[in-house]
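These notes are about the structure you will find just below.
Residue numbers (mature numbering (1 follows the signal peptide of the UniProt record, and there is no 0)): -22 to -1, 1 to 276.
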């Protein structure tokens, strides 16, 4: 018997969440939860879903993308993927993915505890995401927009649009030709830093088309905003404009950014501590000299 999910549309609820820090890979960006739950009286769905999460988590320690299916029965099988941002080291990818399984149940409900399973869900963090669907779930267009966020500040640079479009074209070509590897590209054109990434299941040509569509949506949705992020079903794009030029730190991975920031803070704190110590020593020396001068006057 074919699953009932094939015979009617299933609506998703996508809710945004504020990103607190740009270099924290585990910040929640958005959740997508199917409105339908499947009864799971025997616990088969739940077991398959847990097996799926275990498999995806295990693979995230070795690579940045994987797709797998848990369960052999077409009516209860669960298919899912995970993907990490292309510049994330394996250890950080694993750490990011490991946070999602519990979030799925917490954010979407229907994790088996109430005897039901949400038939499809996606949880997107800053550095990774997991999505899954039960057998027969309606397929979604790869270029369907799931979520976008635009910077509040508008650019006053008359050449902004041209620079942004050139950066977009560079990223589109970059993911087609391999860019930084595996359908991922990050780079800069003059004052614009740009990033594009596709789900690992897309070929180079399809990836380029998805990223192109993402940038078109970014232009129409964000206008002259100096920054924007657009998440489509199969790809993700972002851009940032810097009026004084892209900082060198932008070309680093998130892990390197954190190390750079930590080193900077450590040097600053250390410098302040040394300066404070020197000032204290000078004050003590000055006080001692005053006392000596006072005693010498008698």
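From the three backbone atoms N, C-alpha and C, an ideal C-beta is built for every residue, glycine too.
DSSP state of residue i mapped onto helix, strand, coil
i: residue 122; result: coil
i: residue 249; result: Because the pLDDT at residue 249 is just 37, under 50, the model does not fix this residue reliably, and the value given afterwards should be weighed accordingly. The answer is helix: DSSP assigns residue 249 an H, G or I state.
i: residue 344; result: There is no way to answer for residue 344, as the model of the chain reaches only from -22 to 276.
i: residue 14; result: coil
i: residue 142; result: helix
i: residue 166; result: strand
i: residue 8; result: strand
i: residue 21; result: coil
i: residue -18; result: Its pLDDT being 42, under 50, residue -18 is placed unreliably by the model, and the measurement read from it follows with that caveat. Residue state, collapsed to three classes: helix.
Cβ distance (whole Å) where residue i is taken to contact residue j below 8 Å
i: residue 217; j: residue 172; result: 5 Å
i: residue 18; j: residue 94; result: 6 Å
i: residue 170; j: residue 193; result: Residue 170 to residue 193, Cβ: 11 Å. No contact.
i: residue 103; j: residue 5; result: 6 Å
i: residue 186; j: residue 153; result: 6 Å
i: residue 75; j: residue 27; result: Wrong, their Cβ atoms sit about 15 Å apart, outside the cutoff.
i: residue 42; j: residue 61; result: 6 Å
i: residue 164; j: residue 96; result: That pair is no contact at about 33 Å.
i: residue 100; j: residue 10; result: 4 Å
i: residue 138; j: residue 219; result: 6 Å
Buried versus exposed call for residue i [16 or more other C-beta atoms within 10 Å across all chains shown]
i: residue 40; result: exposed
i: residue 134; result: exposed
i: residue 98; result: buried
i: residue 79; result: buried
i: residue 51; result: exposed
i: residue 84; result: exposed
i: residue 132; result: exposed
i: residue 3; result: buried
i: residue 206; result: buried
i: residue 38; result: buried
i: residue 117; result: exposed
i: residue 150; result: buried
i: residue 122; result: exposed
i: residue 226; result: exposed
i: residue 31; result: buried
i: residue 16; result: buried
i: residue 20; result: exposed
i: residue 24; result: buried
i: residue 223; result: exposed
i: residue 140; result: exposed
i: residue 221; result: exposed
Next item on the list: Would you mind listing the alpha helix (DSSP H) stretches within the segment 168 to 239 that are 4+ residues and don't spill past its ends, in chain order?
Entry: Listed in chain order, the complete alpha helix (DSSP H) runs (minimum 4 residues) inside the segment 168 to 239 are 182 to 200.
Checklist line | Within the segment 35 to 105, ranges of the beta strand (DSSP E) (whole runs, at least 3 residues) | finding: Taking only runs of at least 3 residues, the beta strand (DSSP E) segments lying wholly in the segment 35 to 105 are 43 to 48, 56 to 62, 94 to 96, 98 to 103.
Note to self: Check whether the segment 40 to 53 and the segment 119 to 138 are in contact - that is, three or more C-beta pairs closer than 8 Å.
What the structure shows: Touching, no.
Note to self: Could you check whether the segment 110 to 120 touches the segment 52 to 67, counting it as contact only if at least three pairs of C-beta atoms, one from each stretch, sit closer than 8 Å?
What the structure shows: Contact holds: three or more Cβ-Cβ distances are below 8 Å.
Notebook entry, point to check: Quick one: any contact between the segment 194 to 203 and the segment 174 to 185, if contact means 3 or more CB pairs under 8 Å?
Noted result: The answer is no - the segment 174 to 185 does not touch the segment 194 to 203, with fewer than three Cβ pairs under 8 Å.
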